[in-house]
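Student: Numbering that gives the first Met the number 0 applies: residue 0 is where the sequence shown begins, and numbers increase by one.
For each residue, glycine too, the CB sits at the ideal point set by N, CA and C.
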Amino acid sequence: MNNSSIGERLKYQRKIKGYSQEELADRTNVTVRTIQRIEKEEVSPHLNTIKLLAIALDIEVDELVALDDPKEETVKKKWLLLMHATPLAGLILPLLNVLIPLFLWIHKREDNPVYNEHGIKVINFQITVLILAILSFISLLTIEKWGFFIFISVVPICIGIMLFNIVYVVQKNKCYYPFSIPFIRLKKSRTFVLMALIGMTLLGSCTVQKQETIERLDGSVITKDSVTAKIHQLMDGAKIYGIAISVFNDNQPVYQKVFGYKDYPNRIPLTDSTNIYGASFSKAVFGVLVMKLVEQGVIDLDTPLESYLPQKLYEYEPQTSWHDDFSSLKEDSLYTKITARMCLAHTTGFKNYRWFEEDYKLRTHWEPGTKFGYSGEGFIYLQVVLEKLTGKGLEQLAQENIFEPLGMKNSAYEWKTRFDKDFALGHDENAKALKKDKDNEPRGGGTLETTAEDYTKFLTAVFNQELISKESYEEIFTPHIRIRTEKQFYEGEGKITDKYDDINLGYGLGWGYFETPYGKAVFKEGHGSGFVHHSVLFPETGKGIMIMTNFENGNSIFKELLEVILMDTYTPWEWENYIPYDKK
């Protein structure tokens, strides 16, 4: 290093800035005497002294340090270009954007202070980029609407900054990286801290990578992108234009997405906070609510329900438009045997609803408790008894015991005026929007209004055995009746078969039941007013899925969704009448 060159450069830069020697000394920790001696070529200043002076003059160190060999400038540019350009390799393989400049910095930092300075700035920026990438991915999953724009904007902005610095370092030997977190500082090269941060970044990247896949029942994995692509393919093929899906691993939702429209004719998008008619998803919630009341001692599962009341149920004056009118049971000799367990397991002997009777009068068709027959009326019967015992309506009971504890703020068994702001319409097979039914009175078997987000909260609580005890969940998820009918409804509900004996198809309390090589499975579906839903949980594996659609033919893609996303080939799709759209 040439002393005269340093002295002349210092004097030149000082005068350009308009500083006296005293003013320059005031801006640094360097004394006036030292500055005078440097400018008079009396001393060879230490590198730290040169850095302090460069900072005070707002210039780069190499503008004070002369290079004896002109070729060194060319070599320096090549190394600097490598430091600034090689992080682009991170676009091909994540983490190379940090690892390559880190290697170059460790290798060259002692050769020239410029390499040290530039290397630190590049590494700080690239670690910051990794953190931003992780945070943007999290925002994509958690922040509605804006999360997508945050996610897609991070990479282009960072690439733009990198390209700017590649040009800047070639032309000026300078660099500028905004937003960088100073993990390494120029004064102290904290290699240990850096390596720790790199390790944390690697761990974080591995976590994100794990989140990018879904583990299926057989232990195989499928990428979330593949799931999304498959959903789009099936929606297009079946002409289903509105669907919400949540997939669970380890008892938690790991994939939550909505697709399509809440109002297809007007192309109004569906969101995870859009109100969706829950149909018979109502029964799954009601089953948990009843077990909560059993725990509270309100009723027993096996005590005839009418025995709790001071008078016959048919003697009560109806308080609703129809569902608590049991006057037709006056001549029925079997209904008095019905218990809460029978209502929840669909063994009351009632038809699904009274309007399926030719005379529209409710009656029992077999000895209660002996045979499966899906019945919403059984849930209504149990609900009415509970309301009379507690003095509270179903809506109040559900809010106090289920919705409020779980933060399901957009769920109810009756229509709320706040739902008017954002609700989905059901659609028929031709994608025609159906009129929304808003005047339903609360009924435990079928009037649930909810959202994809809220019902996912409910299923998460079920997975994690919240709200009620482990013993109560075991009661719910134990088969109380075997099912041997060909189908759940329609012409097959009266035909007996052994087709489902290998999975021990049956019904628990409000939930269906079957067995698999991976343990038991519990399911609940819903269908009505142009909405078709399905959910199935595998409690022993922590895996499951929820599907909600607002199209009448939504169930025509359920079979393939279950098989592709979870490798669930055990769900009795024929019994459910989930005929694939390309097989009809």
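Just to confirm, is the Cβ distance from glycine 241 to phenylalanine 530 under 7 Å?
Tutor: Looking up residue 241 in the sequence shown gives position 242. Looking up residue 530 in the sequence shown gives position 531. Cβ distance not < 7 Å, so glycine 241 and phenylalanine 530 don't count as in contact.
Student: Taking phenylalanine 457 as the reference, give the member of Ile122, Val287, Val113, Asn123 with the closest Cα.
Tutor: What you label residue 457 is simply residue 458 of the sequence shown in a count that begins at 1. When only C-alpha atoms are compared, the closest one is Val287.
Student: With the cut-off set at 7 Å, would you say tyrosine 313 and histidine 345 are in Cβ contact?
Tutor: For this step, residue 313 is matched to residue 314 along the sequence shown. For this step, residue 345 is matched to residue 346 along the sequence shown. No; because the gap between Cβ atoms is not below 7 Å, this pair is not in contact.
Student: Quick one: complete alpha helix (DSSP H) runs, 4+ long, within the region 362-412?
Tutor: You should have 375-389, 393-397.
Student: Keeping to the same chain, check which residues put their C-beta closer than 6 Å to that of glycine 527; ignore five residues upstream and five downstream.
Tutor: Along the sequence shown, read from residue 1 onward, the residue named residue 527 stands at position 528. Result list for glycine 527: Ala278, in chain order.
Student: Going by beta-carbon coordinates alone, are tyrosine 276 and leucine 269 separated by less than 7 Å?
Tutor: Your numbering for residue 276 matches position 277 in the sequence shown. Your numbering for residue 269 matches position 270 in the sequence shown. Not a contact, by the Cβ cut-off of 7 Å.
Student: If you compare alpha carbons, which of Leu98, Gln251, Thr48 is closest to phenylalanine 462?
Tutor: As a working mapping, residue 462 is identified with position 463 in the sequence shown. Ranking the options by Cα distance to phenylalanine 462, first place goes to Gln251.
Student: Less than 8 Å between the CB atoms is what I'm expecting for proline 112 and valine 60, so what's the real figure, rounded?
Tutor: Along the sequence shown, read from residue 1 onward, the residue named residue 112 stands at position 113. Along the sequence shown, read from residue 1 onward, the residue named residue 60 stands at position 61. Indeed they touch by this definition, with Cβ atoms about 5 Å apart.
Student: Would a C-beta distance cut-off of 7 Å place threonine 449 and serine 410 closer than the cut-off?
Tutor: Locating residue 449 in the sequence shown gives position 450, counting from the first residue. Locating residue 410 in the sequence shown gives position 411, counting from the first residue. Yes, Cβ-Cβ distance for threonine 449 and serine 410 is below 7 Å.
Student: Going by CA-CA distance only, name the one from Gly444, Leu103, Ile37 that's closest to phenylalanine 289.
Tutor: Position 290 of the sequence shown, counting from 1, holds the residue named residue 289. Checking the sequence, you will find valine at residue 289 rather than phenylalanine. Measuring from the Cα of valine 289, the nearest candidate turns out to be Gly444.
Student: Please report the distance separating the alpha-carbon of phenylalanine 422 from that of phenylalanine 488.
Tutor: For the purposes of this step, residue 422 is taken as residue 423 along the sequence shown, with counting starting at 1. For the purposes of this step, residue 488 is taken as residue 489 along the sequence shown, with counting starting at 1. Near 29 Å, if we compare the C-alpha coordinates of phenylalanine 488 and phenylalanine 422.
Student: I'd like the span of the alpha helix (DSSP H) that includes aspartate 453, first residue to last.
Tutor: Along the sequence shown, one-based indexing puts residue 453 at 454. Segment 451-462, the alpha helix (DSSP H) holding aspartate 453.
Student: Once DSSP output is grouped into helix, strand and coil, what is the label at lysine 494?
Tutor: The residue given as residue 494 occupies position 495 in the sequence shown. Looking at lysine 494 - three-state DSSP - the assignment turns out to be coil, as it is neither helix nor strand.
Student: According to DSSP, simplified to helix, strand and coil, what is lysine 223?
Tutor: Your numbering for residue 223 matches position 224 in the sequence shown. Note: lysine 223 maps to helix in three-state DSSP.
Student: Helix or strand or just coil, what does DSSP make of glycine 17?
Tutor: Position 18 of the sequence shown, counted from the start, is the residue given in the question as residue 17. Reduced to three states, the DSSP call for glycine 17 is coil.
Student: Sort out for me which residues DSSP pairs glutamine 255 with in a bridge.
Tutor: As a working mapping, residue 255 is identified with position 256 in the sequence shown. DSSP, once it has assigned bridges, lists Ser245 as partnering glutamine 255.
Student: Assuming valine 531 is part of the beta strand (DSSP E), what are its boundary residues?
Tutor: Stepping through the sequence shown from its first residue, residue 531 is reached at position 532. Taken as a continuous stretch (DSSP letters only), the beta strand (DSSP E) holding valine 531 covers 530-537.
Student: Per DSSP, what are the beta-bridge partners of isoleucine 267 in this structure?
Tutor: As a working mapping, residue 267 is identified with position 268 in the sequence shown. Paired residues: Asp262.
Student: Taking its Cβ as the centre, do 16 or more other Cβ atoms sit within 10 Å of glycine 159, making it buried, or is it exposed?
Tutor: Sequence index remark: in the sequence shown, residue 159 carries index 160 (1-based). With fewer than 16 other Cβ atoms within 10 Å, it is exposed.
Student: Note down the Cα distance separating glutamate 214 from serine 225, rounded to an integer number of angstroms.
Tutor: Here residue 214 is taken as the residue at index 215 of the sequence shown, counted from 1. Here residue 225 is taken as the residue at index 226 of the sequence shown, counted from 1. Taking the straight line from one Cα to the other gives about 13 Å.
Student: In three-state DSSP terms, what is glycine 443?
Tutor: As a first step, residue 443 is located in the sequence shown; it is residue number 444 there, counting from the start. Residue state, collapsed to three classes: coil.
Student: Over what stretch of residues does the beta strand (DSSP E) that includes isoleucine 298 continue unbroken?
Tutor: Taking the first residue of the sequence shown as 1, we reach residue 298 at position 299. No beta strand (DSSP E) contains isoleucine 298, which DSSP labels as neither H nor E.
Student: What residue from Asp57, Leu388, Val121, Asp110 has the CA that sits closest to leucine 80's CA?
Tutor: In the sequence shown, residue 80 corresponds to position 81, counting from 1. Measuring from the Cα of leucine 80, the nearest candidate turns out to be Val121.
Student: Is it right to say tryptophan 574 is buried, meaning 16 or more other beta carbons lie within 10 angstroms of its own, or is it exposed?
Tutor: On the sequence shown, position 575 is the one that residue 574 refers to. The residue is buried, with at least 16 neighbouring Cβ atoms inside 10 Å.
Student: Taking the continuous alpha helix (DSSP H) assigned at phenylalanine 522, which residues delimit it?
Tutor: Reading the sequence shown from its first residue, position 523 is the one you call residue 522. Element bounds for phenylalanine 522: not the alpha helix (DSSP H) but the beta strand (DSSP E), 518-527.
Student: Report yes if the CB atom of aspartate 262 is closer than 7 Å to the CB atom of alanine 432, and no otherwise.
Tutor: Residue numbering aside, residue 262 sits at position 263 when the sequence shown is read from its first letter. Residue numbering aside, residue 432 sits at position 433 when the sequence shown is read from its first letter. Cβ distance < 7 Å, so aspartate 262 and alanine 432 count as in contact.
Student: Say whether the region 477-484 touches the region 497-517, bearing in mind that this needs 3 or more beta-carbon pairs closer than 8 Å, one atom from each stretch.
Tutor: Touching, yes.
Student: Rounded to whole angstroms, what's the CA-CA distance from histidine 532 to glycine 525? Just pull it up for me.
Tutor: Reading the sequence shown from its first residue, position 533 is the one you call residue 532. Reading the sequence shown from its first residue, position 526 is the one you call residue 525. Looking at the two C-alpha atoms, the distance is approximately 5 Å.
Student: Do glycine 509 and alanine 283 have their C-beta atoms closer together than 7 Å?
Tutor: On the sequence shown, position 510 is the one that residue 509 refers to. On the sequence shown, position 284 is the one that residue 283 refers to. Against a cut-off of 7 Å, the Cβ pair of alanine 283 and glycine 509 comes out as a contact.
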